[in-house]
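A short write-up of the structure that comes next.
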Amino acid sequence: MEKAEGKNVKEKLLTIPHVKKILEELGEENLDQFQRRVLDYASKFSRVDAETAQRLVEKLVGEFGLDEVEAVQIVNCMPTSVEELRV
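Residue numbers (the working numbering): 22 to 108.
Have a look at this one:
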């Protein structure tokens, strides 16, 4: 855990759909300008819902032996072919 301005900060890997879900739960009226832009981005680029994204990450880590960072990146990109995944 890192310290930032006297506060405890915890880093966690999140998929784009998970970010979208978190920001939607906060309510757009409660978001600052940066958070609204992130929500807009997440809305445009989320190809699955947060629960599906989490299941995919768990499957990639558990069944295919990827580390969590790689699994999150793959879920964020959601390649549609092996060739696209290789890029």
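Cβ coordinates follow ideal geometry from the N, Cα and C atoms, glycine included.
Since the structure is predicted, the reported quantities are computational estimates derived from the model, not experimental observations.
Item to complete: Keeping to the same chain, check which residues put their C-beta closer than 8 Å to that of residue 45; ignore five residues upstream and five downstream.
Response: Counting only Cβ-Cβ distances below 8 Å, and skipping sequence neighbours, we find 60.
Worksheet item: Which same chain residues, not among the five before or five after residue 75, have their C-beta less than 8 Å away from its C-beta?
Response: Only 36, 39 meet the Cβ criterion.
Worksheet item: If we count the other Cβ atoms within 10 Å of its Cβ and call it buried at 16 or more, is residue 42 buried or exposed?
Response: Buried.
Worksheet item: By Cβ distance, which residues of its chain are closer than 8 Å to residue 91, with the 5 residues on each side in sequence left out?
Response: 81, listed in sequence order.
Worksheet item: Between the C-alpha atoms of residue 88 and residue 57, what's the straight-line distance to the nearest angstrom?
Response: Looking at the two C-alpha atoms, the distance is approximately 30 Å.
Worksheet item: Since residue 97 is in the alpha helix (DSSP H), which residue starts that stretch and which ends it?
Response: First-last of the alpha helix (DSSP H) with residue 97: 89-98.
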